[in-house]
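Visitor:
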């Protein structure tokens, strides 16, 4: 959020546990998501459908067991526009001879951003365990921004009029309802052709980011799986200031206490270079750091990134985890 009091402007943004590398521009300049992922299969073919939203310069890459696929040799790839204004596309992968091509299929949506400095990738995947008449689909609804409500729906068709079970997992761990964590599993719905189960995340928080999988359960076996990655957006404030206006950027490393985090350092960057000016006040014990830009000049416009170097006995990374967030500061000339 931003506010202005007594001629002094403040930008406050938090650093959260997340897997993205620091970007070189505003978080508002691009968006990218997989809205739904599903597959259906019979004894002859597999059809994987990935509905994506992305801007700008989106590219869809299909992989089978982590090997990139090319059109031909039994693979057909189609794309059509569903909503041009919203940049929504339906991407189909048709796989012939399904009996010999079971495994994991990934839909990777890549977006070049910020003059090709970084590439964001959003992934949806399905795991086909066996050929047969089965369909598993995961669709999403709602906003992925902190504080909002987000719903995932899993639908599995019936086999010979017999209902399969549905199991939701996050990062390969079975999900159970926990209202205190904002995770609610709905009851199983059923019609003549399929069963479904909702998973609601509300209110959204950064800890909800991760890989969500829906398993089609047949007895003790998993007949199929659809997985979608959820990246929770924590929109950083973008500041438009006038020459001579005072500005302070405030950063907080807000990590769950259950992780017993140790914050080794908090570093400020301007346009991906370490900030070497004065005005930085850091309190590692509290996980906070302020950058006072004072009365801003035109040369102080740019992207400011707060990076926290964090370690935790519960994060098995082998190295200190780096988390970051960025805000764009624009300095405008005073009106004459």
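In the UniProt record's numbering, the protein residues as written are 1 to 336. For each residue, glycine too, the CB sits at the ideal point set by N, CA and C.
Tell me whether residue 38 sits in a helix, a strand or coil according to DSSP, three-state version.
Guide: Strand.
Visitor: Taking residue 95 as the reference, give the member of 293, 217, 74 with the closest Cα.
Guide: It is 74 whose Cα lies nearest to the Cα of residue 95.
Visitor: Is the stretch 197-206 close to the stretch 220-228, with three or more CB pairs under 8 Å?
Guide: Judged by Cβ distances under 8 Å, the stretch 197-206 makes no contact with the stretch 220-228, as fewer than three pairs qualify.
Visitor: Using a Cβ-Cβ cut-off of 6 Å (strictly less than) and excluding sequence neighbours within five positions of residue 90, which residues of its own chain qualify?
Guide: Correct list, in chain order: 51, 80, 82.
Visitor: For the stretch 299-311 against the stretch 262-271, do three or more pairs of beta-carbon atoms, one drawn from each stretch, fall closer than 8 Å, so that the two count as touching?
Guide: Yes, the stretch 299-311 touches the stretch 262-271.
Visitor: Below 8 Å on the Cβ atoms is my guess for residue 65 versus residue 104; work out the distance and round it to an integer in Å.
Guide: At roughly 6 Å, the Cβ-Cβ gap stays under 8 Å, so residue 65 and residue 104 are in contact.
Visitor: Can you grab the Cα-Cα spacing for the pair residue 176 / residue 182, in whole Å?
Guide: Their Cα atoms are separated by approximately 11 Å.
Visitor: Let me know the beta strand (DSSP E) ranges lying completely inside the stretch 139-210, each 3 residues or longer, listed in chain order.
Guide: With a minimum length of 3 residues, the continuous beta strand (DSSP E) runs that stay inside the stretch 139-210 are 150-157, 165-170, 183-190, 194-201.
Visitor: In three-state terms, what does DSSP make of residue 296?
Guide: If DSSP states are grouped into helix, strand and coil, residue 296 belongs with coil.
Visitor: Based on DSSP bridge pairs, tell me the residues matched to residue 311.
Guide: Beta-bridge pairing links residue 311 to 262.
Visitor: Rounded to the nearest angstrom, what separates residue 38 and residue 233 at their Cα positions?
Guide: Going by the C-alpha atoms only, they are around 24 Å apart.
Visitor: Of the residues 246, 229, 106, which one's Cα is nearest the Cα of residue 293?
Guide: Measuring from the Cα of residue 293, the nearest candidate turns out to be 246.
Visitor: So the candidates are 36, 78, 98; which of them puts its Cα closest to the Cα of residue 141?
Guide: When each option's Cα is compared against that of residue 141, the closest is 36.
Visitor: How many whole angstroms separate the CB atoms of residue 40 and residue 135, which I take to be in contact at a CB cut-off of 8 Å?
Guide: Rounded, the Cβ-Cβ distance is 4 Å, consistent with contact.
Visitor: Taking buried to mean at least 16 other C-beta atoms within 10 Å of its own C-beta, is residue 179 buried or exposed?
Guide: Counting Cβ neighbours within 10 Å, residue 179 comes out exposed, since fewer than 16 surround it.
Visitor: Taking 7 Å as the limit between beta carbons, can you name the residues of its chain near residue 116, skipping five residues before and five after?
Guide: Note that residue 116 has pLDDT 41, beneath the 50 cutoff, so the model's placement of it is unreliable and the number below is only indicative. Once the five neighbours on either side are set aside, residue 116 has no close Cβ partner at all.
Visitor: With 16 as the cutoff for other CB atoms within 10 Å, does residue 243 come out buried or exposed?
Guide: Exposed, by the Cβ-count rule.
Visitor: When you compare the CB positions of residue 229 and residue 124, do they come within less than 8 Å of one another, or not?
Guide: Result yes, Cβ atoms of residue 229 and residue 124 sit closer than 8 Å.
Visitor: In whole angstroms, give me the CA-to-CA distance for residue 170 and residue 212.
Guide: Those two C-alpha atoms are separated by around 5 Å.
Visitor: With H, G and I counted as helix, E and B as strand and the rest as coil, what does DSSP make of residue 97?
Guide: Reduced to three states, the DSSP call for residue 97 is coil.
Visitor: In or out: residue 71 buried (at least 16 other Cβ within 10 Å) or exposed?
Guide: It counts as exposed.
Visitor: Does the distance from the CB of residue 101 to the CB of residue 46 come in under 8 Å?
Guide: Yes, Cβ-Cβ distance for residue 101 and residue 46 is below 8 Å.
Visitor: What is the DSSP secondary structure of residue 283, reduced to helix, strand or coil?
Guide: Here residue 283 sits in strand by DSSP.
Visitor: For residue 73, which three-state DSSP category applies?
Guide: Coil at residue 73, not helix or strand.
Visitor: Mind checking residue 297: buried by the 16 CB within 10 Å criterion, or exposed?
Guide: Classification of residue 297: exposed, given that the 10 Å Cβ count is below 16.
Visitor: Assuming residue 109 contacts residue 60 under a Cβ cut-off of 8 Å, what Cβ separation, rounded to an integer in Å, is found between them?
Guide: So it is a contact: roughly 6 Å between Cβ atoms.
Visitor: Residue 63 to residue 69, Cα distance in whole Å?
Guide: If you take the alpha carbons of residue 63 and residue 69, they lie about 5 Å apart.
Visitor: Mapping the DSSP letters down to three states, classify residue 246 as helix, strand or coil.
Guide: The answer is strand: DSSP assigns residue 246 an E or B state.
Visitor: Starting from residue 219 and walking both ways along the beta strand (DSSP E), at which residues does that stretch end?
Guide: That residue, residue 219, is in no beta strand (DSSP E); it is neither H nor E in DSSP.
Visitor: Could you tell me how far apart the beta carbons of residue 248 and residue 310 are, in whole angstroms, since I believe they sit closer than 8 Å?
Guide: In fact, because the Cβ distance is near 23 Å, the residues do not count as touching under 8 Å.
Visitor: Determine the burial state of residue 121: buried for a count of at least 16 other Cβ atoms within 10 Å of its Cβ, exposed for fewer.
Guide: Exposed is the call here.
Visitor: Would you say residue 154 and residue 214 are within 8 Å of each other, going by their C-beta atoms?
Guide: Contact flag set, yes.
Visitor: May I have the straight-line CA-CA distance separating residue 200 from residue 165, to the nearest angstrom?
Guide: Near 18 Å, if we compare the C-alpha coordinates of residue 165 and residue 200.
Visitor: Rounded to whole angstroms, what's the CA-CA distance from residue 93 to residue 279? Just pull it up for me.
Guide: Approximately 54 Å, taken between the alpha carbons.
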